[in-house]
Amino acid sequence: MTTETDPVTTSTVELQIGGMTCASCAGRIERKLNKLDDVTASVNYATEKATVTAPFGTDPQDLITVVEQTGYTATLPAAEPPSSEEEAPQDRELTALRQRLIGSAVLAVPVILLAMVPALQFDYWGFASLVLATPVVFWAGWPFHRATWTNLRHGAATMDTLISVGTLSAWLWSVVALFFGTAGDRGMTHAFELTISRSDGLGSIYLEVAAGVITFILMGRYFEKRSKRRAGDALRALLELGGDGLQDLAAAGHKDDVIAQGCEILRHGLANALAGARNEGVGRAGRDGK
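Position 38, counted from 1, in the sequence shown is what the working numbering calls 37; the numbers after and before it change by one each time, with no gaps.
In structure tokens:
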């Protein structure tokens with residue numbers, strides 16, 4: 000439950016949240032934290048941070064435990080930024096996401112081409128597609144499956160659940176069709192048609208769907224995370240530079256640099272602020288509707 004708090008007897012704690020994949024995830028964490036006595040929490044999906052106002056003396060580890068019990072990770076902000084030789088957690092996450100994206104794209108493109116271009120389909124091409132698509136579904140798509148399992152343990156379903164169930168279903172059906180149906184027969188081909196007609200269900204495979212969906216979702220999440228990372232860097236640069244830094248540049252006669260640097264920082268900062276407001280608005284609208 001939440002109550003009005005006295006600034007003298009309360010303290011504000013900021014937590015870095017990990018594992019969120021959509022605005023509904025932020026809403027779940029926020030509701031869990033707000034159920035604590037005399038706690039008011041706000042979770043921003045865009046910045047991946049939670050701002051918690053709690054009674055003075057509240058152990059931040061108790062708040063972290065609540066977030067972890069919800070199925071996500073939480074840490075206190077680092078006292079000092081990582082050195083140039085040290086890789087920040089956000090950078091490590093971005094690197095891992097990029098590796099999964101590259102690997103899935105390399106494997107998924109041949110699968111999609113084999114399924115969409117009949118001229119490329121050779122004898123037993125379905126088994127070749129299975130070999131290529133399986134690492135995409137289980138290795139590249141592992142973050143979706145892991146998040147789905149975590150959410151199901153807490154009685155919740157998110158966009159990860161839809162992705163995991165859909166891709167696993169397409170992969171499993173394809174395995175059954177290849178080994179127990181006619182899809183694995185020699186000379187079996189899939190014609191590319193734009194019309195709907197009755198066909199033998201066990202003569203069709205959908206590996207291109209499983210591999211393609213995971214690849215495109217990974218691509219979207221990679222570009223989203225990279226944009227958020229760059230916007231965050233721009234805002235930090237704005238805070239570090241401050242008004243004194245701009246005044247020093249102007250005094251030295253670098254007025255063009257002041258204008259260019261200021262505009263660039265403000266442009267990135269505004270984009271990040273708008274993204275945060277939009278995601279926060281969507282999350283709150285969804286929560287209010289429930």
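Where a beta carbon is used, it is the ideal one built from N, C-alpha and C, also for glycine. Given the structure is predicted, the values throughout are model-derived calculations rather than measurements.
Alpha carbon of Phe222 to alpha carbon of Gln15, nearest angstrom:
Residue numbering aside, residue 222 sits at position 223 when the sequence shown is read from its first letter. Residue numbering aside, residue 15 sits at position 16 when the sequence shown is read from its first letter. Rounded to whole angstroms, Phe222 and Gln15 show a C-alpha spacing of 20 Å.
Report the start-end ranges of each alpha helix (DSSP H) in the segment 62–141 that is 4 residues or longer and not cut off at the edges.
88–115 and 124–134
Just list the residues that DSSP pairs Gln15 with in beta bridges.
In the sequence shown, residue 15 corresponds to position 16, counting from 1. Lys48 and Thr74, per the DSSP bridge assignment.
For Thr9 and Asp58, I'd like the C-alpha separation in whole angstroms.
As a working mapping, residue 9 is identified with position 10 in the sequence shown. As a working mapping, residue 58 is identified with position 59 in the sequence shown. When rounded, the distance between both Cα atoms is 12 Å.
Going straight from the alpha carbon of Gln120 to that of Leu113, what length do you get?
Residue numbering aside, residue 120 sits at position 121 when the sequence shown is read from its first letter. Residue numbering aside, residue 113 sits at position 114 when the sequence shown is read from its first letter. Approximately 6 Å, taken between the alpha carbons.
Keeping to the same chain, check which residues put their C-beta closer than 6 Å to that of Ala310; ignore five residues upstream and five downstream.
Outside the shown range of the chain, which is 0 to 289, sits residue 310, and nothing can be said about it.
Taking all protein chains shown into account, do 16 or more other C-beta atoms lie within 10 angstroms of the C-beta of Asp90, making it buried, or fewer, making it exposed?
Within the sequence shown, the letter at position 91 stands for residue 90. Exposed, since its Cβ has fewer than 16 Cβ neighbours within 10 Å.
For Ala132 and Ala230, what's the separation of their Cα atoms in angstroms?
Position 133 of the sequence shown, counted from the start, is the residue given in the question as residue 132. Position 231 of the sequence shown, counted from the start, is the residue given in the question as residue 230. Going by the C-alpha atoms only, they are around 34 Å apart.
Spatial distance of Ala233 from Thr52 (CA atoms)
Residue numbering aside, residue 233 sits at position 234 when the sequence shown is read from its first letter. Residue numbering aside, residue 52 sits at position 53 when the sequence shown is read from its first letter. Roughly 27 Å between the two C-alpha positions.
Roughly how many whole angstroms lie between the Cα atoms of Val208 and Thr69?
The residue given as residue 208 occupies position 209 in the sequence shown. The residue given as residue 69 occupies position 70 in the sequence shown. The alpha-carbon atoms of Val208 and Thr69 are separated by roughly 31 Å.
Start-to-end residues for the beta strand (DSSP E) that takes in Val42:
In the sequence shown, residue 42 corresponds to position 43, counting from 1. Thr39 to Asn43 is the extent of the beta strand (DSSP E) around Val42.
Return the chain-ordered list of same chain residues with a C-beta closer than 6 Å to the C-beta of Thr11, the five sequence neighbours on each side being excluded.
Against the sequence shown, residue 11 aligns to sequence position 12. Excluding positions up to five away in sequence, the list reads Thr52.
Quick check on the DSSP output: what are the complete beta strand (DSSP E) runs of length 3 or more inside the segment 176–233, in order along the chain?
none
Specify whether the segment 16–23 and the segment 32–50 touch according to this definition: at least 3 beta carbon pairs, one from each stretch, less than 8 Å apart.
Note that the segment 16–23 touches the segment 32–50; at least 3 beta-carbon pairs, one per stretch, sit closer than 8 Å.
For the alpha helix (DSSP H) that contains Cys24, what are its first and last residues?
By 1-based counting over the sequence shown, the position of residue 24 is 25. Per DSSP, Cys24 belongs to the alpha helix (DSSP H) from Ala22 to Asn33.
Given this structure, state the Cα-to-Cα distance separating Gly290 from Asp122, to the nearest angstrom.
Beyond the ends of the chain as shown, which are 0 and 289, falls residue 290; an answer cannot be given.
Near Asp199, which residues of its chain fall below 7 Å by C-beta distance, leaving aside the five closest residues on each side in sequence?
By one-based count along the sequence shown, residue 199 stands at place 200. Thr181.
Is the distance from the Cβ of Ala139 to the Cβ of Gly183 below 8 Å?
Here residue 139 is taken as the residue at index 140 of the sequence shown, counted from 1. Here residue 183 is taken as the residue at index 184 of the sequence shown, counted from 1. In this structure, the beta-carbon distance from Ala139 to Gly183 does not fall below 8 Å.
Three-state secondary structure (DSSP) of Thr57:
Your numbering for residue 57 matches position 58 in the sequence shown. If DSSP states are grouped into helix, strand and coil, Thr57 belongs with coil.
Please report the Cβ distance between Val159 and Phe137, rounded to the nearest whole angstrom; I am assuming they are in contact, meaning their Cβ atoms lie under 8 Å.
Taking the sequence shown and counting its residues from 1, one reaches residue 159 at position 160. Taking the sequence shown and counting its residues from 1, one reaches residue 137 at position 138. It is worth fixing the name first, because residue 159 is Asp in this sequence and not Val. No, Asp159 and Phe137 are not in contact; Cβ-Cβ is about 15 Å, not under 8 Å.
For Glu29, I'd like the list of residues in its chain whose CB is within less than 7 Å of its CB, leaving aside the five on either flank, ordered along the chain.
On the sequence shown, residue 29 is found 30 positions in, with the first residue counted as 1. Correct list, in chain order: Ala40, Ser41 and Val42.
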